[in-house]
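As structure tokens, the structure follows; a few thoughts come after it.
Residue numbers (the working numbering): 1313 to 1428.
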């Protein structure tokens, strides 16, 4: 089980969660779901505070993206077996070599990833 307000995520400690993300790009003034190209992937990084060492990193590429653009990131009980409290997370688009293409969430601020 998980709770989200569209950005922030709350997951019970030791639980599983399948969290959907949809990334958009603007084409001719309209937002369109972004399809991750082969050779790139989304990285979800969770840390105690923005800029500190990651305590959890999940990746998702084109192979797990649905036709509507939704990427479902699965968190296992091992992933969420961390101290209760608020963490921050960022989402970046990376190339296979790890170089950054774009930061989708977490540029100036980071979203909350909370273990309850």
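The beta-carbon is built from N, C-alpha and C at its ideal position, and this holds for glycine as well.
In this text the structure is predicted, and so the values were computed from the model without any measurement.
So, is residue 1339 buried or exposed, given that buried needs 16 or more other C-beta atoms within 10 angstroms?
Residue 1339 counts as exposed, since fewer than 16 other C-beta atoms from the protein chains shown sit within 10 angstroms of its C-beta.
Taking 8 angstroms as the threshold (C-beta atoms), are residue 1384 and residue 1275 in contact?
Only positions 1313 to 1428 of the chain appear in the structure, and residue 1275 is not among them; the question remains open.
What are the boundary residues of the beta strand (DSSP E) that includes residue 1345?
Here the beta strand (DSSP E) through residue 1345 covers 1342 to 1345.
DSSP on residue 1364, reduced to helix/strand/coil?
Of the three classes helix, strand and coil, the one that applies to residue 1364 here is coil, per DSSP.
Residue 1380 to residue 1345, Cα distance in whole Å?
One C-alpha to the other measures close to 7 angstroms.
Alpha-carbon spacing of residue 1392 relative to residue 1369, whole angstroms
As the crow flies, the alpha-carbon of residue 1392 is around 11 angstroms from that of residue 1369.
Member of 1362, 1387 and 1341 whose CA lies at the smallest distance from the CA of residue 1314
Residue 1387 is the option with its Cα nearest to residue 1314.
For residue 1359, count neighbouring C-beta atoms within 10 Å of its own C-beta (all shown protein chains included) and say buried if the count is 16 or more, exposed if not.
Under the 10 Å beta carbon count, residue 1359 is surrounded by 16 or more other beta carbons and is classified as buried.
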